[in-house]
Each structure stands twice: as structure tokens, then as C-alpha cells.
Amino acid sequence: INAFYTSEEDLPPTIYQIQTNTTISPGKELKVQTIISWLTDEPATSRVYFQKGVSSSSAQFAEKTVLDANYTKKHAVVITKFNPGSIYTFRVESIDSSGNVTLSKTFTILTPRQRETVFQVIMKNLEQVFGWMGNVKK
Numbered sequence: 252i253n254a255f256y257t258s259e260e261d262l263p264p265t266i267y268q269i270q271t272n273t274t275i276s277p278g279k280e281l282k283v284q285t286i287i288s289w290l291t292d293e294p295a296t297s298r299v300y301f302q303k304g305v306s307s308s309s310a311q312f313a314e315k316t317v318l319d320a321n322y323t324k325k326h327a328v329v330i331t332k333f334n335p336g337s338i339y340t341f342r343v344e345s346i347d348s349s350g351n352v353t354l355s356k357t358f359t360i361l362t363p364r365q366r367e368t369v370f371q372v373i374m375k376n377l378e379q380v381f382g383w384m385g386n387v388k389k
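One point on numbering: in the working numbering, the residue at position 116 of the sequence shown is 367, and numbering is uninterrupted.
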């Protein structure tokens, strides 16, 4: 008799290769767009928990993205709520079809600031160099 056994243990998905890509969009209001992507070893859902500032890995995060209930191994979540030049802490979550939940470790990112134009840099340098002239009039 040939016997075989299957494991009754249903493991949660493994999360790996977490990456962030952040860009700033100029306009009337500066907008920061951050794409957080990761892979799992089995099809699972996608969600990101985040908050402004630095937090410990055991902290409850103030905000979360809408759950993407599509089961996939390649995950990408777009966040447009981040402010320029700020620190954010986040964790990613994936849940497999059996309901097993995996949360990543905590990651911290610094969003970009708006770059100054060449004119702004020159004017700032001139103000620093000739700033003493403003004191002469007083």
C-alpha cells in the first residue's frame, strides 16, 4: 500500500521584497505619491497601515489603505496622503484565501521635498551674501 500524507498546517503568506517609490507632483498644491510594493509566496490580499512620524513595530497605526481583496502574489498600493518632507512609518499586510494574516516588520520612509528652482537658489544666496546691507539702513 502506498500511503501519502498532507500537512494540515496552513501557513500564512510570506511577505518579501518590500519596495517604495515616492514622487512629488508640482502644481498649486504639492502632492506626494508613494507606491509601496511587495511579493508573497502565495496569492493574498493587499493593505498598508501607516502613520506620520516614527513608530515601534508593535504600534497600532493611525491610518490604513482600503483592502485590495484581489488574490495575487505581486502587490502594489498607491498612497497620496503623504506630506512633502515628512517621515512616515508603515507595515504591509497580506491575507491568504484561508484567512491567514501576515504583517511585515515596520518600515520608515522620508518623503521628498519640493526642489528649489535655480532662481530661488540664486536669490537665497544673494540674500545671505548681501543680507548685511539691510542692517545698514537701520
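Just so it is clear, CB atoms sit at the ideal spot from N, CA and C, and this is done for glycine as well.
| Query | Result |
| --- | --- |
| Rounded C-alpha distance that separates Leu361 from Ser348 | 34 Å |
| Buried versus exposed call for Val283 [16 or more other C-beta atoms within 10 Å across all chains shown] | buried |
| Per-residue burial, Thr274 [other beta carbons within 10 Å of its own, 16 or more giving buried] | exposed |
| Test item: CB-CB of Tyr339 and Phe301 under 9 Å | yes |
| Limits of the beta strand (DSSP E) - the one that Lys282 falls within | 282-303 |
| C-alpha distance - Ala327 paired with Ser276, whole-angstrom precision | 19 Å |
| Residue environment, Glu314, which counts as buried when at least 16 other CB atoms sit within 10 Å | exposed |
| Cα-Cα separation between Asn272 and Asp261, rounded to whole angstroms | 33 Å |
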